[in-house]
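Protein chains in written order, with UniProt numbering: chain F, 1 to 131; chain R, 1 to 131; chain H, 1 to 131; chain P, 1 to 131; chain S, 1 to 131; chain E, 1 to 131.
Note that beta-carbon positions come from the ideal geometry of N, C-alpha and C, so glycine has one too.
These notes concern the structure reproduced below.
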C-alpha cells in the first residue's frame with residue numbers, strides 16, 4: 001500500500017488530468033501507472049517530475065533503450081522495487097533482448113562487487129584518472 | 001591511503017604478475033591501476049575478480065562503452081569515488097562524448113530522484129509490470 | 001514475514017512487558033507496533049533501542065514533527081519500507097499537513113538528484129564550506 | 001578532482017553565465033560554488049537543476065532552514081561528501097544552532113540504526129500504518 | 001513477482017540442470033531456492049555466480065557461520081529482502097544461536113548509526129589508522 | 001575537514017573529558033580518535049554513543065574480532081571512509097590475519113554482487129525461509 005491513495009481520473013483535478021493525458025499521448029497507451037497516480041497528490045510535484053522525465057528520457061545522444069537500462073541499474077542499487085519493475089518493463093518494451101538483459105545484470109553485479117572491494121580497500125584514485 | 005600497501009611489480013609473486021601482465025595485454029597499456037595493486041594482497045581474489053571482469057566487460061549484446069556507462073551509474077549510486085573516476089575515464093576512452101556524458105548524468109540524477117519519490121510514497125507495483 | 005515471530009503480551013517476559021508498557025504510556029495508545037514486538041526477542045536490545053529513541057525523539061531545539069520528517073527522509077534513502085510507513089504515519093499524527101508532506105517529498109527527491117550529480121562529477125568541496 | 005574542469009565566469013557561455021548570475025542574485029553573494037561550475041559542462045542540465053532547486057528550496061509550508069536540515073539528512077545517508085558540506089553550511093547560514101545540529105545528527109543516527117534493525121528483522125508493516 | 005519466470009527442473013537446459021544438481025550436492029538438500037531459478041535465465045551468469053559463491057563461502061580462515069553473518073550484515077545494509085531472509089536462514093542452519101543473532105543485529109545497528117554520524121560530521125581519518 | 005572543529009583535551013568540558021578518559025581506560029591507550037573529538041561538540045550525543053558502543057562491542061556470544069569484521073562490512077556498504085579505516089585497524093589489532101581479511105573482502109564483494117542480482121531480478125522469498 002502507498003502512503004497515499006492513488007488518484008483516479010475521476011478524482012483528478014484539471015491540472016492533474018492534463019499531466020495524465022500527456023503521459024498517455026507520449027507513451028501511446030491509455031494506461032497511467034501507479035507512480036503518477038500517487039504523485040498526483042501534489043500537482044506541482046507531479047507536473048515538475050513529468051516535465052523533467054519527458055525531457056531526460058527522450059531520444060538524444062543515447063537511445064531510449066540504453067537510458068532505460070541505466071535507469072534499471074540506478075534503481076537496482078537504490079533498492080527501489082517499484083522502479084526496477086517499471087523500468088525493466090520499459091527497457092524490454094524498447095527493445096532490450098534477453099541477452100542484453102543478462103549482460104545488464106552481469107554488469108550491475110560486477111560493478112557492485114568491485115565498488116565494495118574498492119571502498120573496503122580505500123584504494124586511492126590514480127593520477128591518470130584525474131582530468 | 002588504502003588499508004593495504006599497493007603491490008609493485010617488484011613485490012609481486014609470479015601469480016600476481018601473471019594477472020598484471022594479462023591486464024596490460026587486454027588493455028593495450030603498460031599501466032596497471034591501483035585497484036589491482038591493492039587487490040593483489042590476496043592473489044586468489046585478484047585472479048577471480050580479474051577473470052570475471054574481463055568476461056563481463058567484453059563486447060557482447062551490449063557494447064563496451066555502454067557497459068562502462070552502466071558501471072559509472074552503479075558506482076555513482078554506491079558512492080564509490082575510485083570507481084566513478086576509473087570507469088568515467090574508461091567510458092571516455094571507449095567513445096563516450098560530452099553530450100553522452102551529460103545525458104548519462106541526467107538519467108542518473110532523474111532515476112535517483114524518482115527512486116526516492118517511489119520509495120517515499122511506497123507506490124505498489126502495477127500488475128501490468130509483472131511477468 | 002519477519003525473520004522472527006512477533007512477541008505478544010502473553011509471550012512477553014517481565015522486562016519486555018515493562019518496555020511495552022512504557023511505549024503505551026509515552027504514546028498514549030494501547031497499540032504496540034510490530035517493530036518492538038520483533039525486537040523483543042532480544043530484551044536488552046529492545047530496552048536500549050527504546051530508551052534511546054525516547055530521548056532522541058523528545059521535544060528539544062527541534063519539534064517532534066520536524067524530527068519525524070527527518071526520520072522519513074533518512075528511512076526513504078535507506079530504503080526501509082517499514083520505517084517509511086511508521087514514521088510517515090507518526091509525522092502526520094504530529095501535525096504534518098499535505099502541503100508539508102509534498103514539500104518533504106520534493107526535498108528528498110531534489111537532494112537525491114543533486115547527491116547523485118555531485119558524486120557522479122566528484123565535485124571538490126569549496127574552501128568556504130570548511131570550518 | 002572533479003571528472004570535469006570547473007567552468008569559470010571567463011569560460012562560461014551566455015546561457016551558463018545567466019544561471020551563475022541568477023544564483024548570485026537569489027543568494028545575495030558573488031560566490032558561485034563548485035557544484036554549479038562542474039554542472040556547467042552541460043548547460044541544459046545546469047539550467048534544469050537550478051530552476052528546480054530554486055523552486056523546491058524556496059519558503060513554503062516548511063521554512064528554508066528545515067529544508068536544509070532535510071537536505072543534510074538525505075545527503076548523509078547517500079554518502080555525498082560535497083552535499084553534506086554545502087548543505088550543513090547552508091543550514092547554519094539559515095539559522096541552525098549548535099543545539100539543533102546536535103539533534104539533527106542524533107535523529108539521523110537513530111533512524112539509520114532502526115532502519116537497519118527493521119530491515120534485518122524484516123518486520124511486516126502494521127495494518128494501522130496503511131492508508 | 002520476479003522480473004522473469006522461475007526455471008523449474010523440467011524447463012532447465014542441461015547446463016542449468018548441472019548447476020542445480022551441484023547446488024543440491026553441496027548443500028545436501030533436494031531444494032533449489034528461487035534465486036538460482038531466476039538466475040537460470042542466463043546460464044552463463046548462473047554458472048559464474050554459483051562457482052564463485054561456492055568458493056567464497058567454503059570453510060577457510062573464517063568459518064561458514066561467520067561468513068553467513070557477514071552476508072546478513074551486507075544484505076541488510078543493501079536492503080536486499082531476499083538475501084536477508086535466505087542468509088539469516090543459512091546462518092541459523094550453520095549454528096547461529098539466538099544470542100549471536102541478537103548481537104549481530106546490535107552490531108549492524110550500531111555501525112549504521114556511527115557510520116551516519118561520521119559521514120554527517122565528515123570526520124577526517126586519523127593518521128594512526130593509515131597503513 | 002570535519003563540519004566541526006575537533007575538541008582537544010584542553011577544550012573539553014568535564015563531561016566530555018570523562019568520556020575521553022573512559023575510552024582511554026577501556027582501550028588501554030592514551031589516544032582518543034577523531035570521531036569522538038568531533039562528536040564531543042554535543043556532550044550528550046557523545047556520552048550516549050560511547051556508552052552504547054562499549055556495550056555492543058564487548059565480548060559476548062560473538063568475539064570482539066568478529067564484531068569488528070561485521071563493523072567493517074557494514075561500514076563498507078554504507079560507504080563510510082572514516083569507519084572503514086578505523087574498524088579495519090581495530091579488527092587487525094584484535095587478531096584479524098591477512099587471510100581472514102582477504103576472506104572478509106571476498107564475502108563483502110560476493111554479497112554485494114548477489115544482493116544486486118536478487119534485487120534486479122526481484123526474486124520472491126522462498127516459503128522455506130519464512131519463520
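{"query": "Would you mind stating whether residue 75 of chain H and residue 84 of chain H have Cβ atoms separated by less than 8 Å?", "result": "yes"}
{"query": "If you drop the 5 nearest sequence neighbours on each side, which residues of the same chain put their C-beta closer than 7 Å to that of residue 26 of chain H?", "result": "54"}
{"query": "Which residues, in order along the stretch 63 to 76 of chain S, keep a beta-carbon less than 9 Å from a beta-carbon of chain R?", "result": "none"}
{"query": "In chain order, what are the residue ranges of uninterrupted beta strand (DSSP E) at least 3 long that sit wholly in the UniProt domain \"Carboxymuconolactone decarboxylase-like\" (43 to 123) of chain R?", "result": "none"}
{"query": "Would you call the stretch 34 to 51 of chain E and the stretch 10 to 23 of chain E touching, i.e. three or more CB-CB distances under 8 Å?", "result": "yes"}
{"query": "At the level of alpha carbons, what is the spacing between residue 102 of chain S and residue 120 of chain P?", "result": "11 Å"}
{"query": "Is the shortest distance between the beta-carbon of residue 102 of chain E and the beta-carbons of chain R less than 8 Å?", "result": "yes"}
{"query": "Hey, is residue 21 of chain E close to the ligand MN, as in C-beta under 7 Å from one of its heavy atoms?", "result": "The ligand MN is not part of this structure, which contains no ligands at all."}
{"query": "Rounded to whole angstroms, what is the Cα-Cα separation between residue 86 of chain H and residue 10 of chain E?", "result": "44 Å"}
{"query": "Can at least three beta-carbon pairs, one atom from the stretch 97 to 111 of chain R and one from the stretch 111 to 118 of chain H, be found at a separation below 8 Å?", "result": "yes"}
{"query": "Would a check of beta-carbon distances place residue 84 of chain S closer than 8 Å to chain P?", "result": "yes"}
{"query": "Grab the span of the alpha helix (DSSP H) containing residue 21 of chain F for me, first residue to last.", "result": "14 to 27"}
{"query": "Could you check what DSSP says for residue 132 of chain H in three-state terms: helix, strand or coil?", "result": "Residue 132 of chain H lies beyond the stretch modelled for chain H, which goes from 1 to 131, so this question has no answer here."}
{"query": "From this set, P/5, P/28, P/12, P/32, which residue's C-alpha is nearest residue 127 of chain H's C-alpha?", "result": "P/32"}
{"query": "Suppose you measure from the CA of residue 3 of chain P to the CA of residue 8 of chain F; what does that come to, to the nearest Å?", "result": "44 Å"}
{"query": "Could you list which residues in chain H have their beta carbon closer than 8 Å to that of residue 118 of chain S, in chain order?", "result": "Under the 8 Å cutoff, chain H gives no residues; its nearest Cβ is about 15 Å from residue 118 of chain S."}
{"query": "How many angstroms separate the CA atom of residue 97 of chain P from the CA atom of residue 88 of chain S?", "result": "43 Å"}
{"query": "Which class does residue 6 of chain H belong to by DSSP, given the choice of helix, strand or coil?", "result": "coil"}
{"query": "Out of curiosity, what's the CA-to-CA distance linking residue 24 of chain R and residue 30 of chain R?", "result": "5 Å"}
{"query": "On the criterion of 16 or more Cβ atoms from any shown chain inside 10 Å, does residue 77 of chain F qualify as buried, or is it exposed?", "result": "buried"}
{"query": "If we ignore side chains and look at the alpha-carbon of each, how far apart do residue 125 of chain R and residue 34 of chain F end up?", "result": "7 Å"}
{"query": "Residue 68 of chain E and residue 94 of chain E look like a contact to me (Cβ under 8 Å); what is the Cβ gap, rounded to whole Å?", "result": "6 Å"}
{"query": "Would you identify the three-state DSSP class for residue 130 of chain E, choosing helix, strand or coil?", "result": "coil"}
{"query": "Quick check on this structure: which residue in P/123, P/100, P/122 has the alpha carbon closest to the alpha carbon of residue 44 of chain E?", "result": "P/100"}
{"query": "What residues in its chain sit with their C-beta under 8 Å from that of residue 13 of chain R, if we drop five residues either side in the sequence?", "result": "43"}
{"query": "Could you tell me the alpha carbon to alpha carbon distance between residue 62 of chain H and residue 80 of chain P, rounded to whole angstroms?", "result": "24 Å"}
{"query": "Return the chain-ordered list of same chain residues with a C-beta closer than 7 Å to the C-beta of residue 6 of chain R, the five sequence neighbours on each side being excluded.", "result": "34, 37, 38"}
{"query": "Residue 106 of chain H versus chain F: which residues are under 7 Å apart at the beta carbon?", "result": "45"}
{"query": "Rounded to whole angstroms, what's the CA-CA distance from residue 91 of chain P to residue 92 of chain E? Just pull it up for me.", "result": "39 Å"}
{"query": "How many Å lie between residue 123 of chain R and residue 1 of chain F at the Cα?", "result": "7 Å"}
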